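Quick note, the sequences are listed as chains A and B, same order. Here the first sequence is numbered in the working numbering, starting from 3 and rising by one per residue. Here the second sequence is numbered in the working numbering, starting from -15 and rising by one per residue. Step one of this worksheet: look at the structure below.
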Amino acid sequence: MNTFTFGIRNMGRRKGRASLAILGIAVGVMLITSLLLIMDGLESGIAESVELLSGNLIVQKKGAVDLPFSIVNISLVDSLKANKDIRAVSPEIYVVQRIDEGGLLGFVSVIGVTESYREMVSPAYIKEGEVFHENDTGKATVGIKLADRLNIGLGDTLSLDTYEFTITGIFETNTLIDASTLLVPIEDARRMSGLPKEVVNVIEVRPVSPDRADAIREYVEARYDGYEVIYPQDLLEEGEEIMDTLRGVVWIVSSIAVIVGGIGIANAMLMSVLERTPEIGVLKATGWSNFDVGYSVVLEAFGIGLIGGTVGIILGIGSSFAAENIIPNLPVRLSLIPILQSFIFAIGLSILSGIYPALKAGRIPPLVAIRGE
Amino acid sequence: MPNEIIETIGLTKEYRLGQTLVHALRGVDMKVAKGSFMSMVGPSGSGKTTLLNIIGGLDKPTSGRMLLDGLDITTLPERKLHRIRRVKIGFIFQHFYLIPTLTALENVLVPTIPMKSSHFEDKAEKLLSFVGLTEREKHRPNQLSGGEQQRVAICRALINEPEVLLCDEITGELDTETGEQIVRLLKRINQERNLTILLITHDQRVASESDRIITLLDGRIVADKAR
Ligand SMILES: Nc1ncnc2c1ncn2[C@@H]1O[C@H](COP(=O)(O)OP(=O)(O)OP(=O)(O)O)[C@@H](O)[C@H]1O
Ligand SMILES: [Mg+2]
């Protein structure tokens, strides 16, 4: 036997108390793990959505807070097409529609597009069926995950408010829009949004090459008053800034939970040490040094942290996947870094919590054993 | 090398209890030869335990010196003292103080745990067989009788091959017959291993097994009889 096994086995002496300490740390770790996993999922979702645009620019009304609130005159389309730096131009109308999902309230985002949308994204995005044509009406292509969620397939009809769409295609981009978006002919979207004839929400622009982006921005902003060009990269950075803030909040909140768990460990260890005072005295009398005694106590705390951390991570992974099922559009993916971060945090804190009881135990004089107090 | 393994010079020990000063030891001078089997008797409160603890380096005297093999241990700091206790001293207590979750064999090995060496296992088994507990190696303390537990504690005290074995009323919790068995066992250890044994007892018959009896009264040695 060595000090490690000795410490770990001491952990099993008061199973109830050890279990509570383990539970305390596990709850904190669960919180950190699940929140970080969800955050990571959201972040990569944002990154992928932006990547989908792969260097496309968006022309919108200056200062519009979100795409559906922007208004752009349709006449810009032709003049943008004339620019040699621009390969393709796609006018788009964005509508958010409420939808009844088996008694629950859901939302889908509807994007009205023309045939030119095909040139905006990778042509392989249509997974089944085909893209509708310019003059079609009442047809839609739907994101593969949204189709799954609504349980609809090719040829089915989807009612949105008073409008009906036949599903003619299913697209897969492996990004967030798969789970939320319906592409419809632009005139259908116009009817739903009530936008007048001569305007759309935004115009998406694909440069001939990514390094022409700045030239395009200058061209647009110099020529048309009241419009601006946004890079999807800007959106990503903005998103990441928000995510960083959120991540900080997540750490603070869940650190508090883990620290409370750590206090639980310190408390349990302190009680064990006091309870074992005579025994520790005997260890001392048989030649254990203060350090040896303290070390075994720290190892015991480490054992609690190890089990608590492991249980917490398993629960955290489980609960983040549960959250994914309950909340639509919440992408969760297993990534190692948040798991490692919360695990190391928990172990470190457990060891730290063991230090005070360990010092206390180390200082117990051997005498008390013999005096039988 | 002095022939005396233990020598105390003018040991005193005072405890302050509120306003009153308790004189537990009032000047103890004593020499113990290597290999002797000595018992200490005296009424309750006469200072026996106090003296034994100072000899074993568990306690410090108020004044005086305690030489173990010629080395004054009263001035050693705790970080050196623990090594002396590990290597030179074995303690046995009235309440055996075995660790309840460990088996007999593991309890014997407890002093060696911090030493990161695996060759003690054989030695522990030999010790247990020496005290007649081979069958009980895997038993936990609550599955052992008092006498068996005390024998495990003796093995624990012997695992590091100490030079001195200090025993404080180790038969106190045992019936007379079991107590006598334990004392005979100690005597065998004393003779076969030439180990110095100091034993505190209230039992005249236990004391009569030893080859020297000192009597303490009110913190002083009042009688010292070789037999
Ligand atoms: N920690 C302490 N604080 C105060 N007084 C103490 C302390 N330890 C011992 N004493 C006192 O010192 C004196 C000697 O005690 P000691 O335990 O050495 O006696 P003893 O001979 O071993 O007695 P017993 O036979 O009852 O075990 C007693 O008067 C005791 O009350
Ligand atoms: Mg005593």
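The beta carbon of each residue, even a glycine, is placed where N, CA and C say it ideally should be. Predicted model, so just to flag it, every value in this text is computed and none were measured.
CB contact check: residue i to chain B, cutoff 8 Å
i        : result
A:MET41  : no
A:ARG19  : no
A:ARG15  : yes
A:GLU375 : Residue confidence for A:GLU375 is low, a pLDDT of 42 falling below 50, so the modelled location carries little weight; the figure read from the coordinates is stated next. By this cut-off, A:GLU375 is not an interface position.
A:PHE8   : yes
A:VAL260 : no
A:GLY305 : no
A:PRO359 : no
A:ASN176 : no
A:LEU369 : yes
A:MET32  : no
A:ASN4   : yes
A:GLY356 : no
A:ARG11  : yes
Test: residue i CB closer than 8 Å to a CB of chain A
i          : result
B:ILE83    : yes
B:ASP43    : yes
B:GLU157   : no
B:LEU9     : no
B:ILE(-11) : no
B:HIS103   : no
B:ASN178   : no
B:GLU218   : This structure gives no information on residue 218 of chain B, because the portion of chain B shown stretches from -15 to 211.
B:ASN126   : no
B:PHE75    : yes
B:GLU164   : no
B:GLU132   : no
B:HIS186   : no
B:ARG204   : no
B:ARG189   : no
B:ARG196   : no
B:GLU161   : no
B:GLN3     : no
B:GLU62    : yes
B:ARG49    : no
B:PHE90    : Going by the sequence as given, residue 90 of chain B is Glu instead of Phe. Answer yes: the Cβ-Cβ gap between B:GLU90 and chain A drops below 8 Å somewhere.
B:ARG70    : yes
Proximity to residue i [Cα-Cα], best of the options
i        : options                                : result
A:VAL79  : A:PHE6, A:VAL91, A:ILE73, A:ILE309     : A:VAL91
B:VAL206 : B:LYS32, B:HIS103, B:LYS72, B:ILE73    : B:LYS32
A:LEU38  : A:ILE95, A:VAL255, A:VAL370, A:ASN327  : A:VAL255
B:GLN188 : B:GLY156, B:ILE181, B:ASN126, B:PRO125 : B:GLY156
A:ASN4   : B:LEU128, B:PRO95, B:LYS171            : B:PRO95
A:VAL201 : A:LEU308, A:LEU59, A:ARG192            : A:ARG192
B:SER47  : B:PHE104, B:LEU93, B:TYR(-1)           : B:TYR(-1)
A:LEU276 : A:SER36, A:LEU361, A:PHE109            : A:LEU361
A:VAL112 : A:GLY140, A:ASP294, A:VAL222           : A:GLY140
B:LEU170 : B:ASN144, B:LEU158, B:ARG135           : B:ARG135
B:HIS66  : A:LEU285, A:GLU117, A:ASN176           : A:LEU285
A:ASN269 : A:ASN12, A:ALA23, A:THR7               : A:ALA23
B:GLU90  : B:ARG63, B:GLY116, B:HIS123, B:LYS72   : B:HIS123
A:ILE328 : A:GLY241, A:ARG151, A:GLU166, A:ILE128 : A:ARG151
A:GLN343 : A:VAL123, A:ILE101, A:ARG249, A:GLU136 : A:ARG249
B:THR162 : B:THR4, B:GLU153, B:SER23, B:GLY131    : B:GLY131
A:PHE131 : A:GLY145, A:MET273, A:THR279           : Here residue 131 of chain A turns out to be Gly, not Phe, going by the sequence shown. The shortest C-alpha separation from A:GLY131 is found at A:GLY145.
A:LEU25  : A:ILE267, A:GLY289, A:PRO340, A:THR288 : A:ILE267
Cutoff 8 Å: residue i Cβ touching any chain C Cβ
i        : result
B:ASN174 : You won't find chain C in this structure, because its protein chains are A and B.
Any non-hydrogen atom of ligand 4 within 7 Å of residue i CB
i        : result
B:ILE184 : With respect to small molecules bound, the structure shown includes ligand 1 and ligand 2 and not ligand 4.
For the 8 Å Cβ check, are there 3 or more pairs between the stretch 296 to 310 of chain A and the stretch 104 to 121 of chain B? Proximity of the stretch 296 to 310 of chain A to the stretch 104 to 121 of chain B falls short of the contact definition, fewer than three beta-carbon pairs being nearer than 8 Å.
If contact is defined by three or more beta carbon pairs under 8 Å, each pair taking one atom from either stretch, is the stretch 177 to 191 of chain A in contact with the stretch 93 to 103 of chain A? Contact between the stretch 93 to 103 of chain A and the stretch 177 to 191 of chain A is present, with at least three C-beta pairs closer than 8 Å.
Could you say if the stretch 47 to 57 of chain B and the stretch 81 to 98 of chain B meet the contact criterion of at least three C-beta pairs nearer than 8 Å? Contact between the stretch 47 to 57 of chain B and the stretch 81 to 98 of chain B is absent: fewer than three C-beta pairs spanning the two stretches fall below 8 Å.
Selection of the stretch 92 to 124 of chain B by Cβ proximity to chain A, strictly under 8 Å: So the close ones are LEU93, VAL94, PRO95, ILE97, PRO98, LYS100.
Along the stretch 136 to 157 of chain B, where does the CB come closer than 7 Å to a CB of chain A? Name the residues. Taking 7 Å as the Cβ-Cβ cut-off, the stretch 136 to 157 of chain B approaches chain A at ARG140, ASN144, ASP152, given in chain order.
Give, in chain order, every residue of the stretch 311 to 339 of chain A whose Cβ lies closer than 9 Å to some Cβ of chain B. Hits within the stretch: zero.
Which runs of the beta strand (DSSP E) spanning at least 3 residues fall entirely within the stretch 42 to 94 of chain B, listed in chain order? Listed in chain order, the complete beta strand (DSSP E) runs (minimum 3 residues) inside the stretch 42 to 94 of chain B are 47 to 52, 73 to 76.
When you check each C-beta in the stretch 254 to 281 of chain A against every C-beta of chain B, which residues fall closer than 7 Å? Per Cβ criterion, the list reads PRO280, GLU281.
I want to know whether the stretch 40 to 50 of chain A touches the stretch 241 to 257 of chain A - three or more CB-CB distances under 8 Å. They touch, by the three-pair rule.
Which runs of the alpha helix (DSSP H) fall wholly inside the stretch 90 to 128 of chain B and span at least 4 residues, in chain order? Listed in chain order, the complete alpha helix (DSSP H) runs (minimum 4 residues) inside the stretch 90 to 128 of chain B are 104 to 114.
Residues from the stretch 282 to 294 of chain A in contact with chain B, defined by Cβ distance under 9 Å: Taking 9 Å as the Cβ-Cβ cut-off against chain B, the residues of the stretch 282 to 294 of chain A that qualify are GLY283, VAL284, LEU285, LYS286, ALA287, THR288, GLY289, TRP290, SER291, ASN292, PHE293, ASP294.
What residues in the stretch 122 to 154 of chain A bring their beta carbon closer than 8 Å to a beta carbon of chain B? Those would be none; no residue qualifies.
With a floor of 3 residues, list each beta strand (DSSP E) that falls wholly inside the stretch 90 to 168 of chain A, ordered by position along the chain. Segments of the beta strand (DSSP E) lying fully in the stretch 90 to 168 of chain A: 106 to 115, 128 to 131, 141 to 145, 159 to 162.
For the pair the stretch -7 to 7 of chain B and the stretch 22 to 39 of chain B, tell me if three or more CB-CB distances fall below 8 Å. Between the stretch -7 to 7 of chain B and the stretch 22 to 39 of chain B, the count of C-beta pairs closer than 8 Å reaches three or more; the two stretches touch.
Any 3 or more C-beta pairs closer than 8 Å across the stretch 10 to 19 of chain B and the stretch 172 to 192 of chain B: In short, these stretches touch, since the Cβ pair count reaches three.
Inspect the CB distances between the stretch 362 to 369 of chain A and the stretch 59 to 75 of chain A and report whether three or more fall short of 8 Å. The stretch 362 to 369 of chain A is not in contact with the stretch 59 to 75 of chain A.
State whether the stretch 18 to 34 of chain A contacts the stretch 215 to 233 of chain A, with contact taken as three or more CB pairs (one from each stretch) at a distance under 8 Å. Between the stretch 18 to 34 of chain A and the stretch 215 to 233 of chain A, the count of Cβ pairs shorter than 8 Å is below three; the stretches do not touch.
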